[in-house]
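For reference, the structure is listed below as structure tokens.
Protein chains: 2
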Amino acid sequence: MRAFSSTLNKKKIKIKMCPQPNDSISIELQQLQLDADGRNERTQWLLNSPEPLSFCNKLINSVSETILQKETIFFPSNSKQCKAGIFSFLQGLFPILSWGRNYKANMFKNDLLAGLTLASLCIPQSIGYANLANLEPQYGLYTSVVPPLIYAVMGSSRELAIGPVAVVSLLLSAMVTEIVDPAVDPIAYTSLVFTVTFFAGTFQAAFGLLRLGFLVDFLSHAAIVGFMGGAAIIIGLQQLKGLIGISHFTNKTDVVSVLRAVFRSFHDEALSPMNFILGCSFLIFILVTRFIGKRNKKLFWLPAIAPLLSVIVATLMVYLTKADQHGVKIVKHFKGGLNPSSAHQLQFNGSHLGQVAKIGLICGLVALTEAIAVGRSFASMKGYHLDGNKEMVAIGFMNIVGSLTSCYTATGSFSRTAVNFSAGCETVVSNIVMAITVFISLELLTKLLYYTPLAILASVILSALPGLIDINEAYHIWKVDKMDFLVCIGAFFGVLFVSVEIGLLIAVGISFARIILDTIRASTEVQGRLPGTLDTFCDITQYPGSTSTSGILIIRINSGSLCFANSTSIRERVMKLVTHTNGNDEENTKENVHFVVLDMSNVMSVDTSGIVMIEELHRELVSQSIQLTIANPRLRVINKMKTAKCFDKLGKGWIFLTIGDAVDACLSLKIADPSSTNC
Amino acid sequence: MRAFSSTLNKKKIKIKMCPQPNDSISIELQQLQLDADGRNERTQWLLNSPEPLSFCNKLINSVSETILQKETIFFPSNSKQCKAGIFSFLQGLFPILSWGRNYKANMFKNDLLAGLTLASLCIPQSIGYANLANLEPQYGLYTSVVPPLIYAVMGSSRELAIGPVAVVSLLLSAMVTEIVDPAVDPIAYTSLVFTVTFFAGTFQAAFGLLRLGFLVDFLSHAAIVGFMGGAAIIIGLQQLKGLIGISHFTNKTDVVSVLRAVFRSFHDEALSPMNFILGCSFLIFILVTRFIGKRNKKLFWLPAIAPLLSVIVATLMVYLTKADQHGVKIVKHFKGGLNPSSAHQLQFNGSHLGQVAKIGLICGLVALTEAIAVGRSFASMKGYHLDGNKEMVAIGFMNIVGSLTSCYTATGSFSRTAVNFSAGCETVVSNIVMAITVFISLELLTKLLYYTPLAILASVILSALPGLIDINEAYHIWKVDKMDFLVCIGAFFGVLFVSVEIGLLIAVGISFARIILDTIRASTEVQGRLPGTLDTFCDITQYPGSTSTSGILIIRINSGSLCFANSTSIRERVMKLVTHTNGNDEENTKENVHFVVLDMSNVMSVDTSGIVMIEELHRELVSQSIQLTIANPRLRVINKMKTAKCFDKLGKGWIFLTIGDAVDACLSLKIADPSSTNC
């Protein structure tokens with residue numbers, strides 16, 4: 001209210017300033033003088049803006065801002081404060097300490113239901129993903145026990161369902177297979193997978209501790225859509241192995257190699273149609289239950305338990321009919337019991353250490369991207385915000401502990417998180433319930449799982465894939481932003497036809513090339529005064545009603561950075577605009593351009609090339625008897641121009657805080673001395 | 001004048017609007033209504049801004065703008081127009097047709113003097129640079145005959161002195177030597193150099209024709225300073241071979257390898273001190289003449305002819321004293337006469353074609369960068385502008401023709417252009433005079449040049465190097481822009497300790513990384529109303545006097561692009577600012593934030609991640625009972641938001657053209673219904 005009435009007061013002051021509208025010339029001159037005073041005062045503010053920090057201070061600030069969170073810096077002055085500080089620090093690290101104290105019995109009821117639903121979906125998926133990752137099936141279940149428990153203590157998302165996921169399993173199998181063939185040496189392969197998981201966890205935790213959460217954003221939304229779509233198709237093709245019952249498959253993931261392997265196996269192998277019939281019928285069953293679940297929201301548990309039901313029924317069928325002796329491929333290897341330690345399996349002295357670390361980095365980043373994207377979208381539905389850095393630390397620690405307890409890389413699964421959410425979970429306790437359920441089934445169901453047909457696992461994975469392919473979103477991206485669509489389609493085809501890493505690389509490459517291209521192709525726009533306003537200037541293309549002022553060309557630089565990559569082209573554009581404005585005027589009805597007002601309000605940073613450009617532009621305009629005027633340079637820009645002594649060359653009188661001031665100054669110069677417009 | 005009086009009229013209208021300052025509440029309401037009408041009208045302008053072009057049109061426009069110059073599209077309607085059109089097209093391609101018609105006799109007098117001065121500097125330098133490029137000395141002179149003549153016809157710079165230059169010679173010898181050792185197979189080496197020159201010319205001409213002139217800007221000013229400094233030191237070290245008279249030298253260019261080779265030769269070879277004494281004494285002579293030339297501007301010709309004088313005197317001394325039989329190394333191989341054809345030497349079917357093309361690309365770009373940088377800086381001194389694309393075509397053709405007539409890659413030389421300028425050249429005719437003079441000396445001086453001592457050539461090159469090292473400029477860069485200095489020093493050390501290409505790569509890499517980093521580290525700033533203005537809002541850090549409005553937080557996004565790389569961090573910054581503003585207010589003296597005005601005037605482009613971010617920000621703010629208001633989205637942004645149906649989610653009533661409108665709308669809502677600030 002205060003500010004508003006002060007606005008009105010100012011309007012009144014303006015009224016008082018021109019009391020007799022009759023004597024118009026004296027008023028104009030008086031007004032000019034007043035305007036000039038205000039202008040000069042504002043220019044002084046501009047020129048005397050706060051000094052920048054020294055280089056060292058800036059560096060220290062920047063590093064400390066990135067690495068340390070201001071809230072965590074803590075200097076206790078007495079023991080009570082000290083205790084409170086330690087407790088709040090621990091609360092930050094282990095969010096369970098804060099929400100655990102308010103945990104109620106009726107919340108547990110919901111979490112128990114959600115956890116059990118989750119477990120019934122998790123058990124068949126985990127076995128299937130372990131199979132996709134070329135690991136023995138129990139490792140998938142191990143991964144659904146320890147990591148969820150760690151995350152429950154450290155994580156801050158309430159919905160995220162932790163465990164193995166399809167894309168990371170695919171990445172692992174695609175990249176680790178290049179080092180060791182799992183068919184030749186499964187023990188070495190498993191050791192390498194654990195080592196990769198350890199590296200992935202270490203990188204994740206390190207990025208979180210160093211507050212490099214922004215790394216996750218390098219995979220843009222469009223890239224994730226394309227990547228997930230491509231990965232889903234690749235994963236689906238990998239399932240042909242189990243679904244058809246192929247013994248000799250390819251280690252490569254691209255479409256061409258996989259299809260070639262499938263066709264070759266049709267020729268070379270005696271395939272049992274039983275596998276295919278079994279897999280397809282249960283796939284149809286799962287898809288039908290999902291359709292029912294979508295139509296009737298109350299039956300949400302039906303699609304969730306359908307996979308487990310399929311596994312149990314199919315396994316019993318095989319066990320009772322002894323179908324495994326008639327060509328139906330089964331899991332066979334299965335070791336039950338609690339997660340064994342795998343600390344001795346980590347290899348830090350092999351010749352592949354660099355390669356393993358690279359795989360760990362890629363898997364870690366992809367896992368983080370999926371977890372944080374999923375966690376954030378569900379958090380935003382419930383109206384709370386997820387701190388990316390904290391999540392990274394939690395997921396990192398969970399994977400480090402996982403790598404020591406026979407788990408491979410775990411993260412937040414998209415499909416299971418959705419199930420968890422619709423099952424009505426309240427807190428991360430549903431993950432604890434799930435982990436305990438999985439652990440119990442590891443103890444009890446081991447014997448049963450021996451006879452599980454591989455075709456069923458394939459159909460469980462296949463049924464989870466449609467959720468990863470989002471054609472609507474791809475179409476939306478195409479409509480809104482063609483360049484984003486290029487990123488999306490680049491990732492998609494890269495994953496499909498080359499390899500998973502290349503797909504990611506293409507997506508990130510195009511995304512960054514776009515940023516650079518945006519800077520290089522910086523444009524300029526001519527500004528005009530918006531009708532009905534005193535000093536609001538706008539792009540005349542965007543607002544065709546805005547009017548230009550005769551003899552003055554107002555040009556805005558449309559780029560956040562005036563640098564080596566665009567300074568030449570901007571200078572050329574400005575000179576072209578000047579020539580164009582003068583040249584268009586064939587009938588000489590308008591004045592030639594005498595003043596160019598360069599609006600720099602968009603320019604956030606400038607480098608030495610940019611400053612040299614402004615000086616050259618000034619020289620070039622002066623040679624055509626045109627005065628260059630600069631409006632609204634920003635803090636960083638003005639400080640650099642001061643250091644470069646740029647104003648000595650341009651003249652301090654030609655810098656203004658607003659376009660309005662600059663235009664008024666040019667006009668008053670013309671009024672004061674209409675002949676000497678050639679300044 | 002018209003616009004100015006309309007400004008005053010509008011001020012008068014404002015006066016009439018509030019005639020009785022006594023009845024303040026009714027005035028406020030009346031004012032509010034009028035304000036709201038204007039605001040709504042402006043919002044309509046914003047929302048009904050021109051439709052964007054379709055994707056295909058945009059693509060076609062963008063391609064045609066890049067490739068074609070609008071001026072060259074020409075559809076003649078009759079034969080007279082057709083003739084005029086063809087002539088103007090030819091004038092564009094051959095600028096000599098336009099300036100040649102006004103060429104006067106007294107201009108030729110100046111050009112003749114400048115050309116002769118240039119030739120006297122050019123002859124020793126050309127021989128020296130050919131030596132640096134591991135070519136026989138006559139190739140250097142050949143390169144000073146044909147390319148200058150071609151450039152004289154096609155080029156538009158009036159000062160540029162064309163011929164071989166130090167940096168390109170170094171690049172050629174460093175990179176081609178990796179394919180063929182000139183000591184082992186000099187003929188194959190020479191053929192490869194011509195092929196590289198052909199590729200360089202082709203790339204240059206192609207870039208010019210495709211209007212990719214901006215490629216030259218990729219080497220920023222800072223990168224050139226660092227690169228030139230490093231290259232000068234490397235070139236200087238290479239001269240130790242000639243200056244000391246070493247027979248077995250290294251092919252590598254980095255400091256460590258060269259110094260090791262020098263020290264080894266002290267051990268292994270019997271070096272004659274005569275080389276060193278001869279070289280050093282003439283180097284001192286040249287430097288002294290340069291010192292005199294600088295002190296007395298009239299003696300500008302003295303430093304220019306000193307190198308040629310040194311060569312002639314030293315050669316005569318060696319010839320008369322038969323010093324070549326006493327350890328003084330001489331040129332020996334020297335073939336005079338007109339440039340022979342080298343078309344048959346070009347190799348397009350070798351196994352190294354890809355590598356040769358790469359070297360051609362690098363040499364071509366470096367040559368262009370030097371020529372255009374030098375040409376532009378002298379053009380700007382004389383107040384005319386150089387079209388980068390035209391220059392590229394001219395230099396490209398000159399090198400293509402050069403590669404067919406036994407010339408290696410030529411470009412504009414910095415040191416000789418400066419001499420040409422101070423000798424008072426008027427047009428590019430000085431280059432023609434120089435070329436003819438060089439040609440005459442090729443015919444006459446051949447016998448003499450046989451005895452030229454290598455040490456003199458080394459001292460001629462050494463004397464030209466200090467001009468390439470610009471410590472003052474490096475210091476200026478350090479003061480103005482630390483990141484630019486990093487580029488500079490990166491190029492310098494890269495060239496010095498690794499190789500020339502790596503140095504260039506480091507410089508370009510850092511430059512682009514900086515652009516990406518600027519986008520990633522996009523900031524936000526809180527805006528306040530500037531005292532004494534109605535609706536000018538500025539950064540409160542830059543203008544500490546500006547005042548904030550209670551209950552309204554105005555935040556400007558400080559980035560040209562709101563994209564995947566910065567949208568998350570911007571959202572977090574906005575939320576932090578909201579929390580900070582509310583939290584700081586411990587004594588509850590101020591209102592909490594009820595409105596966030598997001599000023600998007602800086603945001604030139606947005607991608608799908610950016611749009612999703614705005615929607616999420618809106619949701620998050622609503623959950624805290626805060627209304628998000630958007631001010632001044634630009635044309636591209638508003639069109640994308642329309643396509644993404646973003647306004648349906650945000651509410652169309654909350655988009656305003658200016659911050660002032662947005663603030664007024666928020667305030668009028670508060671006045672109309674002070675209780676329901678929780679909208």
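Chains A and B, in that order, give the protein sequences.
Start counting the first sequence at 1; every next residue gets the next number (UniProt numbering).
Start counting the second sequence at 1; every next residue gets the next number (UniProt numbering).
Beta carbons are placed, not taken as given, at the ideal position from N, Cα and C, and that holds for glycine.
Given the structure is predicted, the values throughout are model-derived calculations rather than measurements.
- Specify the secondary structure class of Pro-466(B) as computed by DSSP and reduced to three states. Residue state, collapsed to three classes: helix.
- Message: Per DSSP, what are the beta-bridge partners of Glu-525(B) in this structure?
- Response: For Glu-525(B), which the question treats as bridged, DSSP gives the partners Arg-556(B).
Top-ranked residue by Cα proximity to Tyr-543(A), from Val-311(A), Glu-501(A), Cys-280(A), Val-526(A):
The shortest C-alpha separation from Tyr-543(A) is found at Val-526(A).
Give me the Cβ distance between Ala-129(A) and Pro-164(A), rounded to the nearest whole Å; I'm assuming they're in contact under 8 Å. It should be pointed out that residue 129(A) corresponds to Tyr in this sequence rather than to Ala. Tyr-129(A) to Pro-164(A), Cβ: 4 Å. Contact.
**Request:** Please confirm if Met-575(A) has its CB atom under 8 Å from at least one CB of chain B.
**Result:** At least one chain B Cβ lies under 8 Å of Met-575(A).
- Task: Write down the C-beta distance between Ile-555(A) and Leu-530(A) rounded to the nearest angstrom, noting that I regard them as a contact closer than 8 Å.
- Result: That belief does not hold up - the Cβ atoms of Ile-555(A) and Leu-530(A) are roughly 17 Å apart, past 8 Å.
Is Gly-229(B) helix, strand or coil when you go by DSSP?
Three-state DSSP puts Gly-229(B) in a helix.
*Alpha carbon to alpha carbon, how far is Gln-627(A) from Thr-519(B)? Give it in angstroms, no decimals.*
Using only the alpha carbons, I get a separation of about 32 Å.
| said: Per the DSSP calculation, Val-596(A) is bridged to which residue(s)? | reply: According to DSSP, Val-596(A) bridges with Leu-553(A), Leu-628(A).
Report task. Let me know the secondary structure DSSP gives Cys-425(B) once reduced to three states. Result -> Coil.
(request) Enumerate in chain order the residues of its own chain whose CB-to-CB distance from Thr-369(A) is below 6 Å, with the five nearest sequence positions on each side excluded. (result) Residues of the same chain with a CB within less than 6 Å of the CB of Thr-369(A), apart from the 5 flanking positions on each side, are Val-216, Leu-219 in chain order.
C-beta atoms of Cys-488(A) and Ala-223(A) nearer than 8 Å: Going by C-beta atoms, Cys-488(A) is nearer than 8 Å to Ala-223(A).
How many whole angstroms separate the CB atoms of Thr-427(B) and Val-374(B), which I take to be in contact at a CB cut-off of 8 Å? Not a contact, Cβ separation roughly 17 Å.
**Report entry** Counted within 10 angstroms of its Cβ, other Cβ atoms place Ala-105(B) as buried (16 or more) or exposed
**Finding:** Exposed is the call here.
List the residues of chain A whose Cβ lies closer than 7 Å to the Cβ of Met-600(B), in chain order.
When 7 Å is used as the limit between beta carbons, Met-600(B) is near no residue of chain A, the shortest such separation being about 11 Å.
Okay, do the segment 277-286 of chain A and the segment 449-459 of chain A touch, 3+ Cβ pairs below 8 Å being the bar?
-> Yes: the two stretches touch, three or more of their Cβ pairs being nearer than 8 Å.
Margin query: Can you check which of these residues, Val-256(B), Ser-341(B), Met-274(B), is closest to Leu-243(B) by C-alpha distance?
Written below: Nearest C-alpha to Leu-243(B) among Val-256(B), Ser-341(B), Met-274(B): Met-274(B).
### Query
Starting from Gly-163(A) and walking both ways along the beta strand (DSSP E), at which residues does that stretch end?
Boundaries of the beta strand (DSSP E) around Gly-163(A): 161-163.
**Q.** CB contact check: Ala-662(B) to chain A, cutoff 8 Å
**A.** For Ala-662(B), the answer is no, since every Cβ of chain A falls outside 8 Å of its Cβ.
(request) Return the first residue and the last residue of the beta strand (DSSP E) that Asp-539(A) is part of. (result) Counting along the chain, the beta strand (DSSP E) containing Asp-539(A) begins and ends at 537-539.
| query | Given that Phe-199(B) touches chain A, what residues does it touch there, using C-beta distances under 7 Å? | reply | Neighbours of Phe-199(B) on chain A: none; closest Cβ ~25 Å, over 7 Å.
Report task. Return helix, strand or coil for Pro-303(A), following the three-state DSSP convention. Result -> In the structure shown, Pro-303(A) adopts helical secondary structure according to DSSP, grouped into three states.
*Where Ser-523(B) and Ile-570(B) are concerned, what is the direct C-alpha to C-alpha distance, given to the nearest angstrom?*
Looking at the two C-alpha atoms, the distance is approximately 7 Å.
Q.
DSSP three-state label for Ile-330(B), please.
A. The answer is strand: DSSP assigns Ile-330(B) an E or B state.
Exercise for review: Leaving out five residues on either side along the sequence, give the residues of the same chain with a beta carbon under 8 Å from the beta carbon of Lys-16(B).
Suggested key: Here the model assigns Lys-16(B) a pLDDT of 39, short of 50, so the residue's position is not dependable, and the following value carries that caveat. Sequence-distant partners of Lys-16(B) (beyond 5 residues in either direction) whose C-beta falls short of 8 Å from its own C-beta are missing from its chain.
Could you check whether Asp-470(B) and Gly-229(B) sit closer than 8 Å to each other, using their CB atoms as the reference points?
Yes. Within cutoff.
Go through its chain and collect everything with a Cβ distance to Val-255(B)'s Cβ below 7 Å, but skip five positions before and after it. Excluding positions up to five away in sequence, the list reads Leu-237, Leu-496, Phe-497.
query = Quick one: which chain A residues come within Cβ less than 7 Å of His-221(B)?
reply = Contacts between His-221(B) and chain A, judged by CB atoms closer than 7 Å, involve Phe-564, Thr-608, Ser-609, Val-612 in chain order.
- Query: In angstroms, rounded to a whole number, what distance separates the CA positions of Ile-552(A) and Leu-617(A)?
  - Reply: Cα atoms of Ile-552(A) and Leu-617(A): separation of roughly 16 Å, rounded to the nearest angstrom.
- Could you tell me how far apart the beta carbons of Val-318(B) and Pro-453(B) are, in whole angstroms, since I believe they sit closer than 8 Å? Indeed they touch by this definition, with Cβ atoms about 5 Å apart.
query = Do the CB positions of His-476(A) and Val-612(B) come within less than 8 Å of each other?
reply = Cβ distance not < 8 Å, so His-476(A) and Val-612(B) don't count as in contact.
Integer-rounded CB distance, given that Gly-115(A) should sit under 8 Å from residue 686(A): Because chain A here runs from 1 to 679, residue 686(A) falls outside it and cannot be looked at.
Quiz item: Since Val-604(B) meets chain A, which of its residues come closer than 9 Å, beta carbon to beta carbon?
Solution: One point to set straight first is that residue 604(B) is Met, not Val, in the sequence displayed. Asp-518, Ala-522, Ser-523, Asn-558, Ser-559, Gly-560, Asn-602, listed in chain order.
| message | Using 8 Å as the threshold, is the C-beta distance between Trp-654(B) and Ile-638(B) below it? | response | No, these two residues do not count as a Cβ contact at 8 Å.
Using DSSP bridges, identify the partner residues of Val-606(A).
Val-606(A) has Leu-562(A) as its beta-bridge partners, per DSSP.
- Check whether the Cβ atoms of residue 680(B) and Pro-147(B) lie closer than 8 Å to each other. This structure gives no information on residue 680(B), because the portion of chain B shown stretches from 1 to 679.
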